[in-house]
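**Student:**
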Amino acid sequence: MNEEVIILSIETSCDETACSIVKNGNEILSNVVVSQIESHKRFGGVVPEVASRHHVETITVVIEQALEEAGFLPSDLSAVAVTEGPGLIGALLVGINAAKAFSFAHDLPLIPVHHIAGHIYANQLEEELKFPLISLIVSGGHTELIYMKDHMSFEVIGETRDDAVGEAYDKVARVIGLPYPGGPHIDRLSREGEDTFNFPRPYLEPGSYDFSFSGLKSSVINTLHNYRQKDITINKADVATSFQESVVDVLTKKTMMAVGNYGVDHLIIAGGVAANSGLRSRFEMLCQEQGIKLSIPQLKYCTDNAAMIGAAAYHLYNNDAFGTLDLNGRNFIDIEEYSI
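Converting from the sequence shown to this note's numbering requires adding 2 to each position, the first position being numbered 1.
See the structure below:
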């Protein structure tokens, strides 16, 4: 195994253009992220064509900046890694084509990385992963429970049957009248209210690790419509608190059930919604009570970034899991395909 593996990684799966240089899977030498949130706010969500155009405009800039901040030349690198999917296909292709061009020009191995594997390995940037473990991925497009026996070993044991949790946050926020992205705004507002609405907890059938937030979202929207039709004043803080309490109850109950049933001592929370303060504090309390090791990345590593892609790519590099120059983007990839 190479003592020093220096990987330049690129992430463009949605609305962040990012490039990072990571050493040995856990030492960040540079991490550049250009966000597009301000461009998409007026639309109330990410517009794929707009996202792709922004990536085209900034991709070479972030690569150059990442190299400059790290003080590295392309000849100092071991490989180039890039998010293959899942994500917006146009956005993915910008990063993939940039990575392929960089790989070809500098004769570097090319490493395709699954976006969710990146979110999981964001935790490796701060501490060593202890196997076996359970990982809960919560983001705008994903809600999944994954069991891992070892590095790059993925078994999906639960997933959303409809809306991802982050998507539900955005839609509820829009109905309340909060700006995009809705998650952080609902999280902040929830600290000021009470769970007065007692929205349903969608646990599904007994013993299931799957998730479903479409019914909860509809319950919130229908409740608000009924209040407005009757000209009853709505306390937005109470709506935010009630919605978040339902989400947190479901996520924590199912996750801790999986932790117990699989007999693991390490739980990882990953993805953009892992930044949610209500979710973080509930898991911290439960894991402390049950003696479970809990890993949640710093807020800056919960959202999309390229350092997490470099962290996952390190293990692919050590297993010679390289791609070729015919690499293409895929808007959906089963993470189990990436198991080594």
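Glycine is no exception: its CB is placed at the ideal position from the N, C-alpha and C atoms.
Among Pro299, Ser105, Pro50 and Lys256, which has the Cα closest to the Cα of Ile159?
**Tutor:** Answer by Cα proximity: Lys256.
**Student:** Please confirm whether Cys16 and Val64 have their CB atoms less than 7 Å apart.
**Tutor:** Not in contact: Cys16 and Val64 (Cβ atoms no closer than 7 Å).
**Student:** From Pro88, Ala107, Ala93 and Thr60, pick the residue whose C-alpha is nearest to that of Arg79; which is it?
**Tutor:** This sequence places Leu at residue 79; Arg is not what is there. Measuring from the Cα of Leu79, the nearest candidate turns out to be Ala107.
**Student:** Does DSSP put Cys289 in a helix, in a strand, or in coil?
**Tutor:** Three-state result, Cys289: helix.
**Student:** Reducing DSSP to helix, strand and coil, say where His144 ends up.
**Tutor:** Reduced to three states, the DSSP call for His144 is coil.
**Student:** Excluding the 5 residues preceding and the 5 following Lys295 in the sequence, name in chain order all residues of the same chain whose CB lies nearer than 8 Å to its CB.
**Tutor:** Here the set comprises Lys132, Asp267, His268, Leu269 and Cys289.
**Student:** For Val7, which residues of its own chain have a beta-carbon under 8 Å away from its beta-carbon, when the five flanking residues on both sides are left out?
**Tutor:** Same-chain partners within the cutoff: Lys25, Asn26, Gly27, Ser80, Ala81, Tyr316, Tyr319 and Asn320.
**Student:** So, at 7 Å on beta carbons, what are the nonlocal neighbours of Tyr340 in its own chain, with the 5 sequence-adjacent residues on each side left out?
**Tutor:** Closer than 7 Å at Cβ, skipping near neighbours: His116, Ala119, Met154 and Phe156.
**Student:** By alpha-carbon positions, which one of Thr254, Val222 and Glu129 ends up nearest to Lys173?
**Tutor:** The residue with the shortest Cα to Cα distance from Lys173 is Val222.
**Student:** In chain order, what residues of the same chain have a beta carbon less than 8 Å from the beta carbon of Glu1, not counting five sequence neighbours either side?
**Tutor:** In the structure as shown, the chain starts at 3 and stops at 342, and residue 1 therefore has no counterpart that could be examined.
**Student:** If Phe285 and Ser244 are in contact, beta carbons under 8 Å, what's the gap, nearest whole angstrom?
**Tutor:** Their Cβ separation, rounded to whole angstroms, is 20 Å, which puts Phe285 and Ser244 out of contact at 8 Å.
**Student:** Buried or exposed: where does Met287 fall if 16 or more other Cβ atoms within 10 Å of its Cβ makes it buried?
**Tutor:** Under this definition Met287 is an exposed residue.
**Student:** Looking only at DSSP bridge pairs, what is Ile91 linked to?
**Tutor:** DSSP lists no partner for Ile91.
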